[in-house]
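Residue numbers (full-length UniProt numbering), protein chains in the order written: chain A, 369 to 710; chain B, 369 to 710.
Glycine residues also receive a C-beta, built at the ideal position from the N, C-alpha and C atoms.
Everything numeric in this text was worked out from a predicted model, so none of it was measured.
The structure appears below as structure tokens.
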């Protein structure tokens, strides 16, 4: 982000006809938007885009989720039909939605070709037993994500959101957070949450799987790209690439829940400074999201107990960024209200 | 609110193609909107209106505020010109703004006649020394507020917001909260906050004024209408009437910060059940707002450190209500995605 624009934005903020500091987080957001846009006041956020990266996870067949894996493909169809939760939110707030099948464990026929055009593989390895991807698949998925971000930026995106769909995906995401924070098999209780709602037995199973995965991978987990290969998935690797592509292009990112923030943590380790282009949309009930946000120095805008995934928390937060833009653009400067002697 | 609609709304929510409970507060909001509208799914919130009640406060001349009282009138002019913080937010989110001078301590010439048409008096008594209003003025102000709400409802309002403007107004508002929670002069440290930003000396002075006011009024503070006369102001009494009028007409209210919530507390004591028609837009840094919200059983949607007043926190929260409506209206029912055997 552009420090002189941040300073000029802070100066404009200080001159508004409001008490000092009265805009709270909205004032901070407005200044950040000046920095990421390199412009004061910031432009209105008319072109906001969400990309949902979908994929299945081998661990979903090992009791870590409350839902069966074939829901992933059904939800991809629901996104395309515009009938999922995030579609409703996106329509309400003027956000475009694009869904890509990076690794769904099914051949999704009858959908627009673009949905499956970047598919890396069907499913991913069960991370407590084997690597999620090959090194080549990881590179390919990251490159897909970068390319998608570049396409969206070229098409006019002013703000990019990342969304996820994949039954079982909180397990690899929590593993990525643990690996990239230097936590090990003995720390899994700190990162394992209930996802879409597993019971106590499911949570215990999830901890076992996470512990076994971190144990299996050992020191390889310390390298962020290697962590994607060993513990991630095609959809998560693509999300990392997407975040790297967006921020490399100078377009800000509004993060969602655990998957989005876990990928931001990996992206920050690959390209330090990435987090400065990100804002956190909402607080997930997943403990690993909170740990990753702390490391990234990000504080979520919303805390509404959302655990839908899909990018829903990010889309819900979009109007707050628009509020910040409106305040810095449209509120009178105090000097214009109280003329000084000429 | 309409219990059968709440139950039918909860049933529709449970049938959505999302994991149980995954919509968090947005799901609760959606069900509440069904109840207050008496309709499932809820109607889109196309007609949302904010009324700002402005007035001055005698205590502002006794060192309780960081700003001089003549700012109140200047800000009324800024609202009318559409250049204040809340105007920018309202324009961004499709909320109509109306400002009424109930008790500004100035004759505001050159403004549309409607702004001053309901003026009750110039300023209000300094509550540590004298009553804020006469009993007759209180009745008149409450009646004005009720009438304004009825007008807005008749004109099509689907959701009403209350806003405030008045230098020094956190002092009478905190006094109202204390009085209506049964707190006395020895409890002022619990209700006194820094408002728009008084320093330590200002905060100490504010506590003295609050203590002296509660001491002066004694047992009269126990009656909610009497508390408005003794400790309130014309703008706050009108806000109470506005909340009573809106909820009596069956139109839901989105509350703002301390002034709005203090008035909701008084309204709830006058007409028990009022709080069931209200949702809290944001958490104010003022401790009295938190105490009043606890008594009302309301949890704010946002916590962004906003302390602008004007209704700004309520307007910022409007898109969250629209998110809730969109989810319950537009998301597929699970039974439509997974056909059962015919």
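Here the alpha carbons of residue 658 of chain B and residue 421 of chain A stand approximately 40 Å from one another. Here DSSP, grouped into helix, strand and coil, assigns residue 495 of chain A to coil.
For residue 691 of chain A, the enclosing alpha helix (DSSP H) covers residues 680-698.
The CB of residue 684 of chain A comes closer than 9 Å to the CB of 394, 687, 688, 691 in chain B, given here in chain order. Non-local beta-carbon contacts of residue 566 of chain A in its own chain, meaning distances under 6 Å to residues more than five positions away in sequence, involve 434 in chain order. Exposure of residue 502 of chain A is indicated by the presence of fewer than 16 other C-beta atoms within 10 angstroms of its C-beta.
For residue 479 of chain A, same chain residues with a beta-carbon under 6 Å away, outside a window of 5 residues either side, are 448 in chain order. Per DSSP, reduced to three states, the secondary structure at residue 661 of chain A is helical. A contact is defined here as three or more CB-CB pairs under 8 Å, and the region 531-548 of chain A meets this definition with respect to the region 441-460 of chain A.
Residue 461 of chain B reaches chain A at 687, 690, 691, 694, counting residues in chain order whose Cβ is nearer than 9 Å.
In this structure residue 544 of chain B does not touch residue 622 of chain B by the C-beta definition: roughly 20 Å separates them, more than the 8 Å allowed.
The beta-carbon of residue 566 of chain B is placed no less than 8 Å from the nearest beta-carbon of chain A.
Annotation: residue 620 of chain A has no Cβ neighbours in chain B at a cutoff of 8 Å; minimum Cβ distance is about 18 Å. Of the residues assessed, residue 492 of chain A falls on the buried side of the cut-off, its CB having 16 or more other CB atoms within 10 angstroms. With respect to the 8 Å criterion, residue 371 of chain A and residue 403 of chain A are classified as neighbours on the basis of their beta carbons. With 16 or more other CB atoms across the displayed protein chains lying within 10 angstroms of its CB, residue 413 of chain B is buried. With a beta-carbon spacing of about 7 Å, residue 520 of chain B and residue 419 of chain B fall inside the 8 Å limit used to define contacts.
By the rule that beta-carbons nearer than 8 Å mark a contact, residue 403 of chain B does not touch chain A. As computed with DSSP, residue 587 of chain B is found in no beta bridge at all.
Interface with chain B (8 Å Cβ-Cβ cutoff): residue 387 of chain A is included. If you draw a 10 Å sphere on the C-beta of residue 677 of chain B, you find 16 or more other C-beta atoms in it, and that means buried. The Cβ-Cβ distance between residue 607 of chain A and residue 646 of chain A does not fall below 8 Å. About 17 Å separates the CB atoms of residue 515 of chain A and residue 489 of chain A; that is not less than 8 Å, and the two are not in contact. Not one beta carbon of chain A lies nearer than 8 Å to the beta carbon of residue 432 of chain B. Residue 692 of chain B places its beta carbon 8 Å or farther from that of residue 457 of chain B. Beta-bridge partners assigned by DSSP to residue 420 of chain A: A/467, A/531.
Straight across, the Cα-Cα distance linking residue 390 of chain B with residue 512 of chain B is about 43 Å. Taken through DSSP and simplified to helix, strand or coil, residue 430 of chain A comes out as helix. For residue 446 of chain A, at least one C-beta of chain B is nearer than 8 Å to its own C-beta. An exposed status is given to residue 587 of chain B, since fewer than 16 other beta-carbon atoms sit within 10 Å of its beta-carbon. Chain-ordered listing is empty here: chain A has no CB closer than 9 Å to the CB of residue 624 of chain B, the nearest sitting near 13 Å. Its chain contains 553, 556 as the residues whose beta carbon lies nearer than 6 Å to that of residue 579 of chain B, once the 5 sequence neighbours on both sides are disregarded; these appear in chain order. Contacts between residue 675 of chain B and chain A, judged by CB atoms closer than 9 Å, involve 387, 389, 390, 391, 392 in chain order.
The beta-carbon of residue 483 of chain B is placed no less than 8 Å from the nearest beta-carbon of chain A. The CB of residue 453 of chain B comes closer than 8 Å to the CB of 384, 385, 386, 390, 391, 695, 699 in chain A, given here in chain order. For residue 669 of chain B, the three-state secondary structure derived from DSSP is coil.
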